[in-house]
C-alpha cells in the first residue's frame with residue numbers, strides 16, 4: 001500500500017482540508033475497477049443472479065406498500081405464479097421433472113428475490129424450498145412423481161408443518177403423533193394438546209392444500225422419533241379444511257405480511273402408510289420399522305440436515321438487503337448537505353462527517369465480509385447437495401458454517417437497515433425510501449430457520465467437540481489453565497471447516513503481532529488467537545461435565561452459556577474475515593486491491609475494537625497499542641471516503657432494485673437549485689442583509 | 001447487603017441447582033414491596049399518570065392493527081376528540097382558557113398515551129404540544145385569546161411547520177421567507193425552491209387547517225432570523241388549500257401511520273402583520289423590527305427552547321414503551337419452557353437460562369435507570385416552565401439534560417423492544433404481541449424532535465464549554481496531557497447540571513475503587529472519572545481551535561467528532577446511574593432496597609463492561625480486575641432472577657396496557673396441559689417406548 005492523500009472528496013470536506021493544510025505529500029489515489037469488482041461479488045452463479053435481478057426489477061413482482069395483509073397475501077400468491085411462468089424457482093428440482101438439479105444456482109437466484117419483496121421470497125421459500133424440498137429430500141421416487149409436478153407448478157400450494165406453538169428450536173420435542181394402524185395400513189395424525197398445534201406455518205392460514213407434517217412416528221408401541229408425512233389439508237374445490245383438520249390465522253405480523261402464516265391441528269386424521277416420506281425411515285405393511293440409519297439421533301439430524309438450505313439462503317438474502325440499504329444511504333449521504341461548519345456559505349456533505357463515515361463505512365466493510373463469506377457457504381452447500389463432496393463430515397461442516405454465518409448476517413442486516421434509516425433522518429423513515437419496510441420484513445430472519453442464539457450454541461458445541469478431539473490425550477486442564485492465566489495463550493484451533501493450526505507460542509510473538517494491527521497477519525493472529533483462547537477457556541471450565549449428573553452438568557453449562565455464545569460469534573467473525581481476505585487475494589486490479597484492503601482492514605480493526613477489552617485484559621494488546629485502534633480506524637475512514645460510491649456501485653443494484661426516492665439524485669438536484677438561488681441572490685445584491693452581520697459591523701464601528 | 005442464596009427459582013433452575021449443590025449457606029431472600037416500588041416509579045405526577053393509564057386502557061383510544069394508513073389516520077383523528085372530551089390534553093394551557101397551567105403533569109399524562117397507540121400520542125403532541133404550544137409560548141395574549149380555544153377544542157387542527165426537506169436539524173438554515181410589506185401591513189410567506197418545502201409535518205397531509213410556519217423574518221431588507229407565523233392553510237368548509245398554498249402527502253411511513261405527515265409550500269401567501277407570533281420579536285406597522293433579546297443567536301435559541309417539552313416527553317414515552325415490552329417478555333420467559341437440559345422429563349424455563357437473563361435483565365436495569373432519570377428531567381422541566389426556577393442557566397441545564405437523556409432512552413426503547421421480540425421467538429413477531437408494532441412506531445423517536453446524534457453533540461459542546469470555564473487560567477495543555485498519559489487522571493467535572501467536583505487524585509485511589517466494583521462509590525468513581533477524562537482529552541485536542549481559520553477548526557472538530565459523541569454518551573449514562581442511585585436512597589423498605597441495589601449494580605457494571613476497553617487501556621482497571629466484571633454480572637443475574645416478576649410488576653401496567661397474547665398466562669396453561677398429558681401417559685403405561693431407550697437397553701444386554 002502506498003501512502004496517499006484523498007483527492008476525490010470535495011474541497012469542503014473537513015478531512016481533505018486538513019490533509020491539504022498539513023501540506024502532506026500528494027500521491028495518485030487508486031481507482032476501483034467497479035465492473036470487475038462487481039463481477040467478483042456476483043460470484044460463481046453470476047448469470048443466475050443477474051437473471052434473478054432482472055426479474056426482481058420488474059414491477060409485477062415488487063412489493064406494493066400500504067396494502068392490507070389480505071391484499072398483500074393475494075398479490076404475492078399471484079406473483080408466485082409469475083415466478084413459475086418465468087422458470088425462476090425450479091432449478092433445484094430433478095431434471096427429469098423439469099428442474100435442473102442445480103442447488104447452488106437455485107439458492108443464488110432465490111436470494112435476489114428479496115429485493116423485489118421479502119414476502120415473495122419467503123413465500124417462494126415455503127413452497128419450493130421447504131415444502132417441495134422436504135418431499136424431494138425426505139421422500140422417494142414415488143413421492144417425487146406423485147407430488148413434485150403439482151408442487152412445482154403451484155397446483156399444490158403447501159406447508160412445511162414442523163414448528164408447534166410449544167416447540168420451535170427444539171424440534172425433537174414436538175408432540176404431534178403419527179401412529180401406525182396395521183389394520184387399515186394408515187398413519188393416524190393427531191395433535192394431543194394445544195401446545196402441539198403447528199404454528200407460524202406459511203401457507204397454513206389460506207393457501208395450503210397439503211402439508212409435510214412432522215410428527216413422532218409410533219408403530220408397534222415404539223416411538224421412532226420425528227418423521228415427515230404428506231398430509232392433504234384442504235378440499236381444492238372449496239378451500240375448506242378436510243375432516244379432522246382445523247386451524248387459525250396467525251394474523252398480522254411485524255413484517256412479511258404477504259405470507260399467510262397460520263396454525264394447524266389434527267384430530268385423528270388418517271393418511272395412507274405410503275404418505276410417510278420414507279427416504280430415511282420406513283414402516284412396512286405389518287408395522288415393522290426400518291431405517292438405513294441405525295442411530296435415532298443421527299437419523300434425526302440427517303433428516304433435519306436437508307433444511308440447511310433455508311439458513312444458507314437467508315444468509316445470502318440478508319447480505320443482499322444490506323447491500324441495497326447501503327447503496328441508497330451512501331448515495332444520499334454523498335449528496336445531502338447539512339450545517340455550514342467549514343464556510344459561511346457552503347454546507348458539509350454528510351458523508352464527510354467522521355461519525356457518518358463510522359456509521360456507514362464500518363457496516364459497508366462488514367457487508368463485504370459477509371458477502372464473500374456467503375459465497376463460500378453457497379459453494380460448500382452446492383458441493384454437498386450436488387454430491388460432489390457429501391461425506392458426513394462435509395455435511396457437518398456445512399451445517400456448522402451455516403449456523404455460524406446466518407446469525408451474523410441476519411443481525412447485521414437489521415443493524416444496517418436501521419443505521420441507514422437513521423442516517424437518512426426523517427426521510428429514512430418514509431416507506432418510499434424502503435429501509436423501514438425491508439427492516440420490518442427481515443426482522444424475523446434472526447429467529448426463524450434456526451433462532452440465531454440457538455444456532456450459535458450449536459456452533460459452540462461443535463467448537464468444543466473439535467477442541468476436545470484435538471487434545472484427546474493431552475493434559476487438558478493444565479493446557480487450558482496455561483491459556484487462561486498467561487498473557488499469551490497456546491492453543492490449537494480446529495474449526496472442522498478448515499485447519500487453522502496456528503500457534504501463538506510466546507508473548508513475544510503476540511507483541512509483535514500487536515505492532516502490526518494494520519497487517520493482514522497481525523489481524524489474523526489476533527482474531528484467531530481469540531477464538532482459540534475462548535474455546536480453550538470454556539473447554540477447561542466445562543471439563544468433566546460429562547461425568548456429572550445431568551442437572552449438575554446442565555447447571556455448569558448454563559453458567560458458561562454467555563461465553564459459549566461469544567466464542568461462537570468470535571469464530572463466525574473470523575470466518576468472515578478470512579473469506580474477505582481470501583477474496584482479496586483473488587483481486588487482480590491493483591487499485592481495487594488497495595481500496596479493498598483498506599476496507600478489509602477496517603473490518604478487521606472494527607472487530608478488534610469491538611472486542612478490545614478482551615485483547616487488553618488477556619494481555620494480547622498493550623494499553624498503549626489499544627489506544628491506537630480507534631485512531632487507525634478513523635484514518636481508514638478518511639481513506640475509504642473517496643471510494644465509497646464505487647464500493648456500493650459494485651454491488652450492482654439498479655434504481656429498479658433500490659426504489660428509494662432519496663437515491664435517485666433528487667437530493668443533489670434540490671441542493672443545486674438552492675445553492676444556485678442563493679448564489680444568484682448574492683450576485684444580484686438582492687439578498688437581505690443579515691442582522692447578525694449588521695450587529696457585528698455596528699459593534700466594530702462603535703469600538 | 002447480606003449474602004444470600006436464591007429461593008424463588010424453580011428446582012429445575014440451573015442456577016439454584018448449583019447453589020444447592022454447593023451446599024452454600026441459605027439466608028432469607030429479600031422481598032420486593034411491589035406496591036411501594038410502583039408508587040415510587042409513578043413519581044410526582046402519580047395521579048395524573050394513573051388517570052392517563054385508565055384512559056389509555058380503553059379500547060376506544062387503542063391502536064387497531066392492520067388498518068390502512070388512511071383508516072388509521074381517521075381513527076386517530078376521532079380519538080383526538082375523545083381526548084378533548086375527557087379533559088386529557090389541556091393541562092399545560094392557561095387556566096383562564098380552561099387549562100390548568102400544569103406543565104409537568106401535562107407531560108406525564110401525555111407520555112402514558114404511548115401505551116394506547118403511539119400515533120395517538122404523537123398526533124396529540126403535534127396538535128397541543130407543538131402547534132398549540134408554539135402559539136402559547138411564542139405568541140402573546142391576543143394570539144392566545146384568538147386561537148388557543150379553537151386549538152384546544154380541535155376546532156383548528158394545526159401544523160408545526162418548521163422542518164424543510166432541505167433542513168431538519170439545522171433549523172437556523174431553513175429557507176422559507178416571511179417578508180414584511182409595509183404598504184399592506186402584511187407578511188409575505190414564500191418558499192423559494194423545492195428544498196424549502198416544509199416536510200414531515202404532522203397534520204399537513206389532511207387535517208391541518210392552520211399552521212405555525214417558521215420562516216426567515218425579513219423587514220426593511222434585513223433578515224432577522226427564524227420566527228414563527230400563524231398561517232391559515234385550508235378552507236374549513238371544503239378542506240382545500242387556500243390560494244398560494246400547496247402540498248403533498250408524505251405517504252406511508254415505517255410506523256406512526258395514524259398521523260398524516262405531509263409537505264407544504266407557499267407562493268407569496270399574504271398574512272396580517274399581527275400573525276407574527278411576537279413574544280420574542282416584533283415588527284411595527286412601519287416595518288421596524290424590535291426584540292427584547294438583542295442577540296439574534298440567543299433569541300433564536302430562546303424561541304427554540306420552548307420546544308424542549310417534545311424531547312422531555314419522548315424520553316418518558318420511550319421509558320413507558322420499554323416497561324411494557326419487558327413486562328410482557330419477562331412474564332412469558334417465566335412461563336415458557338424449552339429444551340430439557342436438567343432432566344429427561346422437565347424442560348427449562350427460558351428465564352433460567354443465563355443468556356436469556358443477560359438479554360432481559362440488563363435491559364430491565366437500564367429501564368429502571370432511564371425511568372428515574374426521566375423523573376428528574378420532568379421535575380426540572382416543570383421547575384422551568386412553571387416559573388419556579390427559570391433563569392437562563394436553568395433553561396440551559398434543562399436543554400442539556402433533555403439532549404442527553406432523550407437519545408439514550410429512545411435508542412434503549414428500540415433495543416429493548418427488539419430484544420424482547422427476539423426473546424419471544426416467532427411469537428414475538430406476531431402483531432398480537434405488540435413488540436413489532438411498538439418498535440415500528442417508536443423508530444422515528446430517535447431522529448425526530450432532535451436527531452439523537454445531533455443532540456449528543458450539543459451535550460458535548462456544553463461539556464466542553466463547562467470544562468473550559470472551570471480551567472480558565474489553568475494550564476490547560478499540561479493538565480490535559482497529564483490526564484491522557486497517566487494511568488490515573490486528574491480532572492474536574494462540572495456538568496452544568498450538578499457539581500460533580502470529584503478528584504481522583506492519585507492512582508492509589510483508582511486502584512482502591514477498582515477493588516470495589518460492586519460498591520456504589522466504586523461505580524461512581526469509575527463512571528465519573530471516565531466522563532471527566534474523555535472531556536478533558538477532547539478538550540485538550542481541540543484547544544486553540546477557536547483561533548484557527550473556520551475550515552481548519554471545523555476539520556479539527558470533525559477529527560474528534562466520534563470521541564465527542566462518546567463523551568456525551570458517557571455523561572448521559574452517568575446521569576442515569578446517578579438518578580438510579582438517588583432513587584435508591586429514597587427506598588425505605590429493606591427488601592426492596594436490597595433487590596433494587598442489585599439491579600442498580602447490574603446497571604453500573606453493565607456500563608463498565610460496555611466500556612471496559614476504555615477502563616483497561618487508560619489504566620483504571622487492571623487486567624485481572626477487568627476479568628471479574630463479567631463474572632460479577634453473571635452472579636447478579638442469578639440474584640435478580642427470583643425477583644424479576646416483582647420488578648416488572650412494579651411498573652404497574654395492566655393487561656389492558658400490555659395487550660399481548662403471550663403475557664396472559666396462556667403459555668403456562670398450555671405448558672401445564674402438555675405436562676399433565678405426558679404425566680398421565682407415563683402413569684397409565686400407555687406411553688410408547690422410546691426407540692433410543694430400547695436401543696440403550698439392548699446395548700446394555702448385549703454387553
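Residue numbers (full-length UniProt numbering), protein chains in the order written: chain A, 1 to 703; chain B, 1 to 703.
Using N, Cα and C, we set each Cβ at its ideal position, and we do this for glycine too.
Between residue 283 of chain B and residue 298 of chain B, the gap from beta carbon to beta carbon reaches 9 Å or more.
Of all residues in the stretch 446-462 of chain A, only 446, 447, 448, 451 and 453 place a beta-carbon less than 7 Å from a beta-carbon of chain B.
Residues of the stretch 342-368 of chain B that bring their beta carbon within less than 7 Å of a beta carbon in chain A comprise 342, 343, 353, 354, 355 and 358, in sequence order.
Residue 444 of chain A sits close to residue 255 of chain A, with the two beta carbons spaced by under 9 Å.
Contact between the stretch 610-629 of chain A and the stretch 378-397 of chain A is not established, with fewer than three Cβ pairs separated by less than 8 Å. About 37 Å separates the CB atoms of residue 570 of chain A and residue 674 of chain B; that is not less than 8 Å, and the two are not in contact.
CA-to-CA, the gap between residue 166 of chain B and residue 213 of chain B works out to about 15 Å. Annotated three-state conformation of residue 642 of chain A is helix, per DSSP. DSSP, read as helix, strand or coil, puts residue 151 of chain B in helix. Residue 290 of chain A carries a strand assignment under DSSP once its states are collapsed to helix, strand and coil. When C-beta atoms of the stretch 634-650 of chain A are compared with those of the stretch 648-658 of chain B, fewer than three pairs fall below 8 Å, so the two segments do not count as touching.
Residues of the stretch 162-184 of chain B with a C-beta atom less than 9 Å from some C-beta of chain A are 163, 165, 166, 167, 168, 169, 170, 173, 175, 177 and 179, listed in chain order. Interface flag for residue 701 of chain A against chain B is unset, since no Cβ pair is found closer than 9 Å.
Ranked by Cα distance from residue 222 of chain A, the first of A:181, A:250 and A:231 is A:181.
Contact residues of the stretch 127-149 of chain B toward chain A are absent (C-beta to C-beta distance below 7 Å). Residues of chain A whose Cβ lies closer than 7 Å to the Cβ of residue 200 of chain B are, in chain order, 426.
In the displayed model, residue 272 of chain A falls within a strand according to three-state DSSP. As summarised for the UniProt domain "Acyl-CoA oxidase/dehydrogenase middle" (159-269) of chain B, the continuous beta strand (DSSP E) elements at least 3 residues long and confined to that stretch are 177-181, 186-190, 198-201, 210-219, 222-232, 245-249 and 262-266, given in chain order.
Judged by pairs of C-beta atoms under 8 Å, the stretch 303-317 of chain B touches the stretch 398-406 of chain B, as three or more such pairs exist. Within chain A, the residues whose beta carbon sits less than 7 Å from that of residue 194 of chain B are 670 and 673, listed in sequence order.
Spanning the alpha carbons of residue 401 of chain B and residue 566 of chain B requires a straight line of approximately 16 Å. Just measuring C-alpha positions, the residue of B:137, B:322, B:380 and B:392 sitting nearest residue 364 of chain B is B:322. Distances from the alpha-carbon of residue 120 of chain A to those of A:289, A:135 and A:84 put A:84 closest. With respect to residue 431 of chain A, residue 667 of chain A sits apart: the two C-beta atoms are not nearer than 9 Å. At a beta-carbon threshold of 7 Å, the residues of chain A lying near residue 69 of chain B are 66, ordered along the chain. Chain-order list of chain A residues neighbouring residue 444 of chain B: 426 and 429, by C-beta distance under 8 Å. Counting along the chain, residue 123 of chain A sits inside the alpha helix (DSSP H) bounded by residues 118-124.
Annotation for residue 657 of chain A: the continuous alpha helix (DSSP H) segment containing it runs 655-658. The beta carbon of residue 435 of chain A falls within 9 Å of a beta carbon belonging to chain B, placing the residue at that interface.
Flagged as an interface residue toward chain B: residue 224 of chain A, by a C-beta distance shorter than 9 Å. Taking the Cα of residue 103 of chain A as reference, the smallest distance to any Cα among A:600, A:380, A:43 and A:433 is reached at A:380.
Straight through space, the alpha carbons of residue 545 of chain B and residue 343 of chain A are spaced by roughly 15 Å. In summary, no residue of the stretch 82-93 of chain B has a CB separated from any CB of chain A by less than 8 Å.
Among the residues facing chain A, residue 253 of chain B is included, as its CB has a counterpart in that chain under 9 Å away.
Beta-bridge pairing by DSSP links residue 349 of chain A to A:337.
Beta bridge pairing from DSSP links residue 690 of chain A with B:223.
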